[in-house]
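Residue numbers (our numbering), protein chains in the order written: chain B, 1 to 116; chain H, 1001 to 1114. Structure, as structure tokens:
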Amino acid sequence: DGGITQSPKYLFRKEGQNVTLSCEQNLNHDAMYWYRQDPGQGLRLIYYSQIVNDFQKGDIAEGYSVSREKKESFPLTVTSAQKNPTAFYLCASSPRTGGTGANVLTFGAGSRLTVL
Amino acid sequence: AQKVTQAQTEISVVEKEDVTLDCVYETRDTTYYLFWYKQPPSGELVFLIRRNSFDEQNEISGRYSWNFQKSTSSFNFTITASQVVDSAVYFCALSEAGRNQFYFGTGTSLTVIP
């Protein structure tokens, strides 16, 4: 079955360490996204990518980095520059939008990062 | 500016009661799309419905129904005869036509008490 796989599901990090969250999709979707979810704040966009080797900053990109070397993969690195990284991170994908349409996002199961 | 407001942070209902989740949006575009997603305790958001701005017909799917009113910029979601399995966080979202960007509300946490 097609879908999005995020790993790890739970991750603990010491302050000052970088960590990378994996996101892999086998839906043949062009666009991929990373969202951060905090209690009471809904989903906030970190980065998104419409095609391979291209990505754009979202609303809260500071302290994060991404790469898009392959269509199916969009890893997120939480750097030590991110002041408050403890959160639930969701990866999503969608077909590339054409014309006046809007595509449905498909989400992964999320990764919960806790900084100790 | 685009914005989605879900004023209800938490709602609790007793099983079999009907419940309506409110969603109000702001956009300057004339062509846009509205969505509802469900996030059960497992964490993965599940797509429920997509509606474009030109289709104001209400939609019913089983116990779920959606009321779209452009005049009040609202896209409300009603669950009829709620069940414990409906307990989840529900998100309303907006996307403008032709762009792969989505604006989410802060979510409404629904608890259905048996």
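We put the CB at the ideal spot given by N, CA and C, even for glycine.
Cut-off 7 Å between Cβ atoms - residues of its own chain near residue i, not counting five sequence neighbours on either side
i, result
"Asp-1086 of chain H", "Ile-1079, Leu-1110 and Val-1112"
"Tyr-1103 of chain H", "Gln-1002, Lys-1003, Val-1004, Ala-1093 and Leu-1094"
"Ala-1007 of chain H", "Asp-1022"
Residue closest to residue i, alpha-carbon to alpha-carbon, out of the options
i, options, result
"Glu-1015 of chain H", "H:Thr-1030, H:Ser-1082 and H:Tyr-1032", "H:Ser-1082"
"Arg-1050 of chain H", "H:Arg-1063, H:Phe-1077 and H:Gly-1043", "H:Phe-1077"
"Val-52 of chain B", "B:Ile-46, B:Glu-72, B:Trp-34 and B:Thr-77", "B:Glu-72"
"Glu-24 of chain B", "B:Glu-69, B:Ala-102, B:Gly-40 and B:Thr-79", "B:Glu-69"
"Asn-103 of chain B", "H:Tyr-1032, H:Glu-1017 and H:Ile-1011", "H:Tyr-1032"
"Arg-1099 of chain H", "H:Gly-1105, H:Ser-1061, H:Lys-1070 and H:Asp-1029", "H:Asp-1029"
"Pro-95 of chain B", "B:Gly-16, B:Arg-13, B:Gly-3 and B:Ala-31", "B:Ala-31"
Helix, strand or coil at residue i [DSSP, three-state]
i, result
"Thr-1106 of chain H", "coil"
"Ser-49 of chain B", "strand"
"Lys-1070 of chain H", "helix"
"Val-1085 of chain H", "helix"
"Lys-57 of chain B", "strand"
"Lys-71 of chain B", "coil"
"Gln-6 of chain B", "strand"
Other residues of its chain near residue i: CB distance less than 8 Å, five sequence neighbours each side excluded
i, result
"Glu-62 of chain B", "Ala-81 and Gln-82"
"Gln-56 of chain B", "Tyr-47, Tyr-48, Ser-49 and Gln-50"
"Tyr-64 of chain B", "Trp-34, Ile-46, Tyr-47, Leu-76, Thr-77, Val-78, Thr-79 and Gln-82"
"Val-1013 of chain H", "Val-1019, Ser-1082, Leu-1110, Thr-1111, Val-1112 and Ile-1113"
"Asn-18 of chain B", "Thr-77, Val-78, Thr-79 and Ser-80"
Chain-order list of residues whose beta-carbon lies under 6 Å from that of residue i (same chain, five-residue window excluded)
i, result
"Phe-1068 of chain H", "Arg-1051, Glu-1056 and Phe-1075"
"Glu-1059 of chain H", "Trp-1066"
Contact check, residue i vs residue j, beta carbons under 7 Å
i, j, result
"Gly-110 of chain B", "Gly-1043 of chain H", "yes"
"Ala-87 of chain B", "Leu-105 of chain B", "no"
"Tyr-35 of chain B", "Leu-43 of chain B", "yes"
"Val-1089 of chain H", "Gln-1039 of chain H", "yes"
"Pro-85 of chain B", "Leu-116 of chain B", "no"
"Phe-107 of chain B", "Leu-1045 of chain H", "yes"
"Ser-1073 of chain H", "Tyr-1037 of chain H", "no"
Enclosing beta strand (DSSP E) for residue i [first to last residue]
i, result
"Arg-1063 of chain H", "Here Arg-1063 of chain H belongs to no beta strand (DSSP E), and DSSP marks it neither H nor E."
"Lys-1038 of chain H", "1032 to 1039"
Near the ligand FMN: residue i beta-carbon under 6 Å from a heavy atom
i, result
"Pro-1040 of chain H", "The model depicted lacks the ligand FMN and carries no ligand whatsoever."
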